[in-house]
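Novice: What follows is a single structure, and I will ask about it in a moment.
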Amino acid sequence: MFDVMLERFFEDSGRIFIRGSLFDESRENGTPLQTNQTYIRQFSTGANFKSKTIGDFSLRSYIGSQVFDQGFSAVAAGRNSESLTRSQRTPAQQFGIASQWSRSAGTRQTLVAGFDFREVRGASDEIVFNGGRATSAVGAGGRERAFGIFAQDIIGITQKFFATIGGRVDRWRNYDALSANKSFSTGATTATVFNPRTETAFSPRLSLLYKLNENLTLTASGYRAFRAPTLNELYRSFRVGNVVTQANDKLLAERLTGAEAGASVNALRQRLYLRGSFFWSELTRPVANVTLSVTPELITRQRQNLGRTRSRGVEIESEARITNTVSLTAGYLLADATVLQFPANRVLEGLLIPQVARHQFTFQARYANPFILTFAVQGRAIGAQFDDDQNQLKLNKYFVLDALASRRLNNHFDVFVAVENVFNQRYDIGRTNVTTIGPPTLARAGFRLNFGAK
Numbered sequence: 001m002f003d004v005m006l007e008r009f010f011e012d013s014g015r016i017f018i019r020g021s022l023f024d025e026s027r028e029n030g031t032p033l034q035t036n037q038t039y040i041r042q043f044s045t046g047a048n049f050k051s052k053t054i055g056d057f058s059l060r061s062y063i064g065s066q067v068f069d070q071g072f073s074a075v076a077a078g079r080n081s082e083s084l085t086r087s088q089r090t091p092a093q094q095f096g097i098a099s100q101w102s103r104s105a106g107t108r109q110t111l112v113a114g115f116d117f118r119e120v121r122g123a124s125d126e127i128v129f130n131g132g133r134a135t136s137a138v139g140a141g142g143r144e145r146a147f148g149i150f151a152q153d154i155i156g157i158t159q160k161f162f163a164t165i166g167g168r169v170d171r172w173r174n175y176d177a178l179s180a181n182k183s184f185s186t187g188a189t190t191a192t193v194f195n196p197r198t199e200t201a202f203s204p205r206l207s208l209l210y211k212l213n214e215n216l217t218l219t220a221s222g223y224r225a226f227r228a229p230t231l232n233e234l235y236r237s238f239r240v241g242n243v244v245t246q247a248n249d250k251l252l253a254e255r256l257t258g259a260e261a262g263a264s265v266n267a268l269r270q271r272l273y274l275r276g277s278f279f280w281s282e283l284t285r286p287v288a289n290v291t292l293s294v295t296p297e298l299i300t301r302q303r304q305n306l307g308r309t310r311s312r313g314v315e316i317e318s319e320a321r322i323t324n325t326v327s328l329t330a331g332y333l334l335a336d337a338t339v340l341q342f343p344a345n346r347v348l349e350g351l352l353i354p355q356v357a358r359h360q361f362t363f364q365a366r367y368a369n370p371f372i373l374t375f376a377v378q379g380r381a382i383g384a385q386f387d388d389d390q391n392q393l394k395l396n397k398y399f400v401l402d403a404l405a406s407r408r409l410n411n412h413f414d415v416f417v418a419v420e421n422v423f424n425q426r427y428d429i430g431r432t433n434v435t436t437i438g439p440p441t442l443a444r445a446g447f448r449l450n451f452g453a454k
């Protein structure tokens, strides 16, 4: 990996920067045939400008490309053999630009507005294998263009009561999309050209904040949101192990309606911080992998708009600064995520949403004295969840502990070592016919150079 950034500051009026990065990675995924390689190139530039009269401006633009190669295989039930099912190459390119303006309007009001634009071109080129022989070539791809504008008004109604009112309009368009299939045995090629698709969504938001005193703050918010289906979801069918997932070019955008309410507390002279919130959201037309058929050798799924789902629960976070160098943090999440309505398949109504654990707990203990030692351990406990929409394939609960140690040798040079899954816990992350196990103990070491430090 290589990452470099050059920037220049202009006293108090702003800055400009350019940044470029290269990333190349090769992996073996547990079997001789299951390998992948990723190559990413990115370039970005931007500027910030501050003016006491007209406000603050920021401008960002980026361009990038990536290529992903991967081999997929079907593993026999006894894990004694595997056979190659697909060899895939997925190139993609993206371009984007975004700008934001903000300005204070008096002592208790701040205005914010801006826009963003993004265009993505992606494709998937695959060779399909059956019994170890290449049988066909499959290709799919298209372009996606998204444009959004937003505005926000932050108002201090009193010295203790604040309101934020905002809205965003998104317009999404998908075009130049097609899929093709060539049979090697017959030489015949079939192609499907998809019609352009366009949708528009308005996403309002209202947030309230009330400071009862210096140590207790109450918050509440209500909002709507929008997510367009990706090129991958619309046009790319794929197979992973013994699971085939079919694309669906008829997918519609997801729409979210949600609300949150909570409180935050500072105590013990700012050394103890607690935050808790209740959340509720309903998602209409969520994109989900719906099971079509199950056999001992193959599970077939398709991406579909899953009617309506609901997520509700409680999130709690805490941080305790024991000394200036020692701190403890912990968090708990209770999430009840279920399918409310799905007229196309009533059997799924009332079931849990796949891969959403009902209980999650995290913690971290940290000692930070950079020129002597920085040491941290963090753990996460994840409750049981399901790997499929029918709630038949259960993933058991697990606990994983990670550790990190680093030391600053001078103002510009740090060394570090990190270990993930310290106790080498074996836990399930997939149950689609053949169980997939999470990564074992992983260790890495390196150094950081920072020429901007003083």
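Per the numbering used here, the sequence shown runs over residues 1 to 454.
A virtual CB, placed ideally from N, CA and C, is assigned to each residue, including glycine.
Remember, it's a predicted structure, so these values are computed and weren't measured experimentally.
#1: Going by C-alpha to C-alpha distance, which of 8, 2, 200 and 307 sits closest to residue 22?
#2: Opposite residue 299 in the DSSP bridges: which residues?
#3: Between the Cα of residue 138 and those of 155, 357, 183 and 212, spot the shortest distance and give me the residue it belongs to.
#4: Using the rule of at least 16 other Cβ atoms within 10 Å of the residue's Cβ for burial, across every protein chain shown, is residue 444 buried or exposed?
#5: On a CA-only basis, which of 401, 144 and 114 is nearest residue 151? Give me that one, please.
#6: Starting from residue 59, trace the beta strand (DSSP E) in both directions and tell me its first and last residue.
#7: In terms of residues, what are the limits of the alpha helix (DSSP H) holding residue 232?
#8: Taking 8 Å as the cut-off, decide whether the C-beta atoms of residue 255 and residue 303 are in contact.
#9: Where does residue 422 sit, in a helix, a strand or coil, going by DSSP?
#10: Spell out the partners DSSP gives residue 3 in its beta bridges.
#11: Is it right to say residue 267 is buried, meaning 16 or more other beta carbons lie within 10 angstroms of its own, or is it exposed?
#12: Output the distance between the C-alpha atoms of residue 164 and residue 258, rounded to the nearest integer angstrom.
#13: Contact check, residue 29 vs residue 69 under 8 Å by CB: the rounded distance?
#14: For residue 111, which option in 128, 75, 57 and 181 has the closest C-alpha, if you only look at C-alpha atoms?
#15: Residue 293 and residue 284 - do their beta-carbons sit closer together than 8 Å?
#16: Can you tell me whether residue 346 is helix, strand or coil according to DSSP?
#17: For residue 204, which three-state DSSP category applies?
#18: Is it buried or exposed, residue 409, if we count other Cβ atoms within 10 angstroms and call 16 or more buried?
#19: How long is the line joining the alpha carbons of residue 329 and residue 352, rounded to whole angstroms?
#20: In its own chain, which residues sit with a C-beta less than 6 Å from the C-beta of residue 89, not counting the 5 before and 5 after it?
#21: Out of 97, 79 and 205, point me to the one whose CA is closest to residue 60's CA.
#22: Kindly list the residues whose CB is nearer than 7 Å to the CB of residue 398, restricted to its own chain and excluding five residues on each side of it in sequence; keep chain order.
#23: How big is the Cα-Cα spacing for residue 413 and residue 318?
#24: Please go through the same chain and pick out, in chain order, the residues whose beta-carbon is closer than 6 Å to the beta-carbon of residue 272, but skip the five residues on each side of it.
#25: Can you round the beta-carbon distance between residue 201 and residue 190 to whole angstroms, since I take them to be within the 8 Å contact cut?
#26: Looking at C-alpha atoms only, which residue of 49, 5 and 236 is the closest neighbour of residue 12?
#27: Does the structure place the stretch 368-379 close enough to the stretch 401-408 that three or more beta carbon pairs sit under 8 Å?
#28: With distances taken between CB atoms, is the gap from residue 116 to residue 64 smaller than 8 Å?
#29: Go ahead and label residue 454 buried or exposed: buried means 16 or more other beta carbons lie within 10 angstroms of its beta carbon, across all protein chains shown.
#30: Contact between the stretch 431-438 and the stretch 383-393 is defined here as three or more beta-carbon pairs at a separation below 8 Å; is this criterion met?
Specialist: Let's see:
#1: 2
#2: 243 and 294
#3: 183
#4: exposed
#5: 114
#6: 55-75
#7: 231-235
#8: no
#9: coil
#10: 21
#11: exposed
#12: 16 Å
#13: With 8 Å as the limit, residue 29 and residue 69 do not qualify as a contact, their Cβ atoms being about 12 Å apart.
#14: 57
#15: no
#16: helix
#17: strand
#18: exposed
#19: 29 Å
#20: 69 and 125
#21: 97
#22: 382, 425 and 427
#23: 32 Å
#24: 320
#25: About 34 Å; that fails the 8 Å criterion.
#26: 49
#27: yes
#28: no
#29: Residue confidence for residue 454 is low, a pLDDT of 47 falling below 50, so the modelled location carries little weight and cannot support an answer.
#30: yes
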